[in-house]
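Notes for the one structure printed next.
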DNA sequence: CCTATAGCCTGACGGC
DNA sequence: TGCCGTCAGGCTATAG
């Protein structure tokens, strides 16, 4: 579920396992996630180096190298990280693999080839290239900024929250949760939102992301009041007990409660 | 600026 | 059991 909370959990996992170790070798199992660069360049840039620290912007994870530049990871729809020792335990669907001099490994596990691995020098330049909006989870992301970003927009609230160029980090699943907590219909146009509802959406955004991270992005640990565990056909609304509805908005599958989330 | 659609990928799942 | 269609949390391009 690689949206902002998931990537933040991966970041902390990487911090806890994979820093300050010499990189002996790197394997790239598909060129399709390299965005124009080559396996040789990635290998040359990582061999005999070490990972020193991490950062994150939206759904992108940045890992600083000991000399200069960053390793960038994006997890697409199915990416995950696994740190392990025994080479026999290499996870199925490993697409990118770092082998450390201490014999441990860090694998980017990704059944579909929809992610990204790249080496860059300048993080801000990369963010600009990708035209990413401000990270939703950063300290400076307050209500005034949120409101300003939506100013003059006419689109539906759900795809607006998910638009990485407006603000970075929210995806399909967590936008459902945010709108459920705010009790706002996903198709409501942004310019029809009154101040009070806008504030509710902002607060829900902060609460949902914070809680999801705190719960390690594990749906089994999510509060009983959340809709995510009920995001399935025939699911029941945790608020009113009614049936959860599934519709399509901007080509994405949306789950919401028609009774609790009026237009 | 905004929406819908298709495509990129490939595994999981449900129905027959 | 096996085959087939559908769907899935990402992003991007294109047309209207």
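Numbering (my numbering), first residue to last: 268 to 530.
Quick reminder that beta carbons are idealized off the backbone N, C-alpha and C, glycines included.
Small disclaimer: the values here were computed from a predicted structure and weren't measured.
- Residue state for residue 464 is assigned as helix, using DSSP reduced to three classes.
- A distance below 8 Å between beta-carbons, with the five flanking residues on each side excluded, links residue 399 to the following residues of its chain, in chain order: 324, 325, 327, 431, 432, 435.
- Shown here for residue 349: same chain residues with a beta carbon closer than 6 Å to its own, the five before and five after excluded, namely 358, 374, 376 in chain order.
- DSSP lists 331 as the beta-bridge partner residues of residue 320.
- By alpha-carbon distance to residue 517, the top candidate from 438, 495, 334, 282 is 438.
- Comparing alpha carbon positions, the residue from 507, 413, 386 closest to residue 312 is 386.
- When beta bridges are read from the DSSP output, residue 292 appears opposite 366.
- The beta carbon of residue 291 sits closer than 7 Å to those of 366, 367, 368, all from its chain and outside the five residues before and after it, given in chain order.
- Contact annotation: residue 393 and residue 402 have beta-carbon atoms that are not nearer than 8 Å.
- By the criterion of a C-beta distance shorter than 7 Å, residue 429 is surrounded in its chain by 437, 438, 439, 442, once the five residues flanking it on both sides are discounted.
- The beta carbon of residue 529 is closer than 7 Å to those of 452 in its chain, skipping five residues each way along the sequence.
- If you compare the alpha carbons of 473, 339, 513 with that of residue 272, the shortest gap goes to 473.
- Taking the Cα of residue 447 as reference, the smallest distance to any Cα among 338, 295, 300, 521 is reached at 521.
- Judged by DSSP in its simplified three-state form, residue 519 adopts strand.
- Between the region 450–465 and the region 488–500 there are fewer than three inter-stretch CB-CB distances shorter than 8 Å, so the stretches are not counted as touching.
- Residue 420 has its alpha-carbon roughly 33 Å from the corresponding atom of residue 380.
- According to the DSSP secondary-structure assignment, residue 384 is paired through a beta bridge with 340.
- Taking the CA atoms as reference points, residue 281 sits about 29 Å from residue 469.
- Annotation for residue 511: no alpha helix (DSSP H) segment contains it, and DSSP assigns it neither H nor E.
- In this structure the region 496–509 does not lie against the region 290–310, because fewer than three pairs of beta carbons, one per stretch, are closer than 8 Å.
- Boundaries of the alpha helix (DSSP H) harbouring residue 273: 271–284, taken from the DSSP string.
- Bridge pairing for residue 372: 351, 366 [DSSP].
- Per DSSP, the beta-bridge partners of residue 435 are 402.
- Residue 287 counts as exposed, since fewer than 16 other C-beta atoms from the protein chains shown sit within 10 angstroms of its C-beta.
- Of the candidates 276, 269, 270, the residue whose Cα lies closest to the Cα of residue 481 is 276.
- Partner residues in a beta bridge of residue 411, as assigned by DSSP, do not exist.
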